[in-house]
Amino acid sequence: MKPMDNEIYRRQIPSRSWSSIKAYAALFTVQVVMLWLFFMPPFPTLLDSPLFVSVFSIMFFCVLCLLYNQAGRIVMGIAFAYSYVQRPD
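To convert, note that position 73 of the sequence shown is 73 in UniProt numbering; the numbers rise steadily by one, no gaps.
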């Protein structure tokens with residue numbers, strides 16, 4: 001194989017740099033902390049506030065979107081938060 005061909009071949013392979021791995025690890029850690037806060041909240045009265053749950057769900061799906069790189073999850077989060085706020089008590 002010619003060196004030039006080898007160079008072109010190497011450019012086509014997506015490589016995960018250390019900084020992107022650290023970014024994914026940080027986002028995953030944020031996701032785990034958010035799940036822990038939601039299912040075992042240190043302040044249970046926070047979950048009674050629809051505003052907190054709305055903001056929390058939007059943040060949750062935004063982090064999911066960043067983690068998995070799918071823009072549809074942000075739309076799902078906003079729709080979920082809106083439906084939660086609009087629900088009859």
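By construction, the Cβ of each residue, glycine as well, lies at the ideal position given by its N, Cα and C atoms.
Values in this document were obtained by computation on a predicted structure and should not be read as measured data.
Quick check: what's the CA-CA separation for Lys22 versus Thr45?
Within the sequence shown, the letter at position 22 stands for residue 22. Within the sequence shown, the letter at position 45 stands for residue 45. Distance between the alpha carbons of Lys22 and Thr45 is about 34 Å.
Which residue's Cα is closest to the Cα of Ser54: Ala25, Tyr24, Phe80 and Ala26?
Reading the sequence shown from its first residue, position 54 is the one you call residue 54. Answer by Cα proximity: Phe80.
Starting from the C-beta of Gln31, find all residues in its chain whose C-beta is less than 8 Å away, skip the five residues before and the five after it, and write them out in chain order.
Your numbering for residue 31 matches position 31 in the sequence shown. Counting only Cβ-Cβ distances below 8 Å, and skipping sequence neighbours, we find Phe60, Val63, Leu64 and Leu67.
Using three-state DSSP, classify Met40 as helix, strand or coil.
Sequence index remark: in the sequence shown, residue 40 carries index 40 (1-based). Three-state result, Met40: coil.
Measure the beta-carbon distance from Phe56 to Phe38 and round it to whole angstroms, keeping in mind my assumption that it falls under 8 Å.
Position 56 of the sequence shown, counting from 1, holds the residue named residue 56. Position 38 of the sequence shown, counting from 1, holds the residue named residue 38. That belief holds up - the Cβ atoms of Phe56 and Phe38 are roughly 7 Å apart, short of 8 Å.
Output the distance between the C-alpha atoms of Ala26 and Met34, rounded to the nearest integer angstrom.
Here residue 26 refers to the residue found at position 26 when the sequence shown is read from its first residue. Here residue 34 refers to the residue found at position 34 when the sequence shown is read from its first residue. Going from the Cα of Ala26 to the Cα of Met34 covers about 12 Å.
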